[in-house]
Amino acid sequence: MPDSVTLPQPAAWTPAPPLDPEALLALDRRHVWHPYAPMPGTAEPLVVESASGVRLRLARPAHGQRELVDGMASWWSAVHGYNHPVLNAAAGDQLGRMSHVMFGGLTHEPAVRLAERLARISPGDLEHVFLCDSGSVAVEVAVKMCLQYWRSLGRPEKHRLMTWRGGYHGDTWQPMSVCDPEGGMHHLWSGTLPVQVFAEAPPSGFDAEPDPAYLTHLHETVARHADELAAVIVEPVVQGAGGMRFHSPAYLRALREACDAHGVLLVLDEIATGFGRTGELFAAHHAGVVPDVMCVGKALTGGYLSMAAALCTPRVAEGIARGPVPVLAHGPTFMGNPLAAAVAGASLDLLLSQDWRAEVRRVGDGLRAGLARAAGLPGVVEASVLGAIGVVRLDHEVDVAAATRAAVRAGVWLRPFRDMVYAMPPYVTPDEDVARIAAAMCAAAREG
Ligand SMILES: Cc1ncc(COP(=O)(O)O)c(C=O)c1O
Numbered sequence: 002m003p004d005s006v007t008l009p010q011p012a013a014w015t016p017a018p019p020l021d022p023e024a025l026l027a028l029d030r031r032h033v034w035h036p037y038a039p040m041p042g043t044a045e046p047l048v049v050e051s052a053s054g055v056r057l058r059l060a061r062p063a064h065g066q067r068e069l070v071d072g073m074a075s076w077w078s079a080v081h082g083y084n085h086p087v088l089n090a091a092a093g094d095q096l097g098r099m100s101h102v103m104f105g106g107l108t109h110e111p112a113v114r115l116a117e118r119l120a121r122i123s124p125g126d127l128e129h130v131f132l133c134d135s136g137s138v139a140v141e142v143a144v145k146m147c148l149q150y151w152r153s154l155g156r157p158e159k160h161r162l163m164t165w166r167g168g169y170h171g172d173t174w175q176p177m178s179v180c181d182p183e184g185g186m187h188h189l190w191s192g193t194l195p196v197q198v199f200a201e202a203p204p205s206g207f208d209a210e211p212d213p214a215y216l217t218h219l220h221e222t223v224a225r226h227a228d229e230l231a232a233v234i235v236e237p238v239v240q241g242a243g244g245m246r247f248h249s250p251a252y253l254r255a256l257r258e259a260c261d262a263h264g265v266l267l268v269l270d271e272i273a274t275g276f277g278r279t280g281e282l283f284a285a286h287h288a289g290v291v292p293d294v295m296c297v298g299k300a301l302t303g304g305y306l307s308m309a310a311a312l313c314t315p316r317v318a319e320g321i322a323r324g325p326v327p328v329l330a331h332g333p334t335f336m337g338n339p340l341a342a343a344v345a346g347a348s349l350d351l352l353l354s355q356d357w358r359a360e361v362r363r364v365g366d367g368l369r370a371g372l373a374r375a376a377g378l379p380g381v382v383e384a385s386v387l388g389a390i391g392v393v394r395l396d397h398e399v400d401v402a403a404a405t406r407a408a409v410r411a412g413v414w415l416r417p418f419r420d421m422v423y424a425m426p427p428y429v430t431p432d433e434d435v436a437r438i439a440a441a442m443c444a445a446a447r448e449g
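If you want our numbering, it's the position in the sequence shown, counting the first as 1, plus 1.
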């Protein structure tokens with residue numbers, strides 16, 4: 002076999018000329034299915050031509066703006082902003098070696114370094130790292146780990162999950178079953194989704210005194226279902242896409258205690274909260290709790306590429322290994338993708354080599370100052386900030402089109418939903434842009 006093949010030279014390939022925005026939107030309408038949207042779509046998306054720093058550049062002006070400050074960090078992920086020289090360099094360097102190679106029977110440095118790094122910075126003894134393609138898949142893997150753990154120990158009846166209402170864990174099957182039953186549209190899937198155990202939603206307020214009645218409720222719910230529960234799975238400290246609510250870390254300690262007392266595993270879904278967003282590297286640190294399994298994703302690659310992971314303790318891995326089927330039967334094609342792993346490594350270098358805590362605090366302080374005005378607006382129930390997350394809650398369902406238009410007019414990209422306008426900007430957002438985001442949130446709250 003020849004040891005090299007002749008590949009076409011780059012000059013033989015030229016990129017297609019850019020589509021004009023009208024033509025692009027016509028094709029988009031005809032062929033492209035957007036998230037949480039009907040097909041064909043009813044709302045026209047904005048066309049982004051490029052992104053750099055904290056700004057999205059539009060292909061044509063919208064409401065008088067050609068550039069928007071990004072208040073969303075692309076759904077919690079782009080913590081370092083866009084087109085970052087360090088992340089670009091890491092991607093370019095890795096592309097020159099290999100963008101992908103299968104992970105079954107092969108391994109490589111970017112994945113090994115990343116797994117070691119994740120194990121080192123995660124709480125407690127979460128030593129074993131299963132790399133996968135997206136947050137939802139990481140939750141599927143975490144659930145599979147827990148169910149298989151109990152099967153391996155001869156307890157297959159422990160196959161259900163417990164969570165609390167108001168959560169969100171992704172859009173594939175097991176994650177959907179533990180999303181908020183109303184917001185997650187369980188009624189659409191009744192009879193097909195696994196039926197899980199739901200506690201009431203945790204009382205709101207990160208700094209609020211823990212409610213003794215709710216602590217008892219958590220303990221009792223775990224105790225009542227312990228014989229059939231494989232695991233409790235929750236988002237720590239912030240319930241994100243299920244409603245953007247903050248809760249006391251005391252409830253996580255209560256869940257840890259109840260799980261330990263009744264032989265149930267604890268899964269913390271840090272996909273949205275991980276890598277500094279709440280002011281701690283992982284939200285579990287607020288509570289001093291170590292889960293048995295932890296999911297990460299989103300900001301893992303600084304928003305460059307899709308990659309997530311489920312981490313577990315030796316207890317979980319050894320339990321699975323003791324069973325009649327000692328392997329974890331999961332292996333996504335793009336598992337451990339070297340390109341994503343190399344960028345994730347560089348993103349963690351960037352994050353950890355700076356005073357990320359101070360940056361997150363600075364963004365949070367800016368949001369808090371700018372949102373002080375929101376509390377007095379008609380229709381606003383409350384404005385709250387935790388870490389680099391700002392939320393304005395309304396007393397009505399937001400008019401998404403009107404609120405988005407108001408934000409864009411103010412030069413900011415926001416994506417309001419249900420009864421709220423919220424932002425979680427890149428940590429590198431300069432003070433004046435944080436102020437602009439907060440002002441746009443107020444405008445969106447007023448007009449939405
Ligand atoms: C807490 C949490 N878990 C899981 C997911 C699903 O991640 P992905 O969209 O990458 O599948 C999300 C996404 O928003 C999330 O916020």
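Idealized CB from N, CA, C, for every residue including glycine.
Source: prediction; values computed, not measured.
- For secondary structure counted as the beta strand (DSSP E) over 3 or more consecutive residues, the segment 37–84 holds these complete runs in sequence order: 49–53, 56–63, 66–71.
- Within the segment 114–180, complete beta strand (DSSP E) segments of at least 3 residues are found at 129–133, 161–165, given in chain order.
- Sequence-distant partners of A436 (beyond 5 residues in either direction) whose C-beta falls short of 7 Å from its own C-beta, in its chain, are G367, G371.
- For R394, the secondary structure class from DSSP, reduced to helix, strand or coil, is strand.
- Counted as a single uninterrupted DSSP element, the stretch harbouring Y305 is not any beta strand (DSSP E), since DSSP gives it neither H nor E.
- When C-alpha distances from T222 are compared across A202, P211, H32, V239, the shortest belongs to A202.
- In this structure, the CA atom of F418 is about 42 Å from the CA atom of W14.
- One Cα belongs to Y83, the other to K159, and the distance between them is close to 44 Å.
- If you draw a 10 Å sphere on the C-beta of R323, you find fewer than 16 other C-beta atoms in it, and that means exposed.
- The beta-carbon separation of A439 and V422, rounded to 10 Å, does not stay under the 8 Å limit for a contact.
- L352 is classed as buried because its beta carbon has at least 16 other beta carbons within 10 Å across all chains shown.
- In this structure, the alpha-carbon of L387 lies about 18 Å from that of R416.
- Below 8 Å, enough C-beta pairs join the segment 262–270 and the segment 228–235 to call them touching: three or more.
- Not one heavy atom of ligand 1 is found less than 7 Å from the C-beta of G185.
- S348 has its Cβ no nearer than 7 Å to any heavy atom of ligand 1.
- If only complete runs of 3 or more residues are kept, the segment 185–232 shows the beta strand (DSSP E) at 198–200, in order along the chain.
- Per DSSP, the continuous alpha helix (DSSP H) segment holding V344 begins and ends at 339–353.
- Counting C-beta atoms within 10 angstroms of its own C-beta, T302 has 16 or more neighbours from the protein chains shown and is therefore classed as buried.
- Closest option to Y428, judged by alpha-carbon separation, among P41, V33, V399, W77: W77.
- At a cut-off of 4 residues, the continuous stretches assigned as alpha helix (DSSP H) that sit fully inside the segment 239–320 are 251–263, 285–288.
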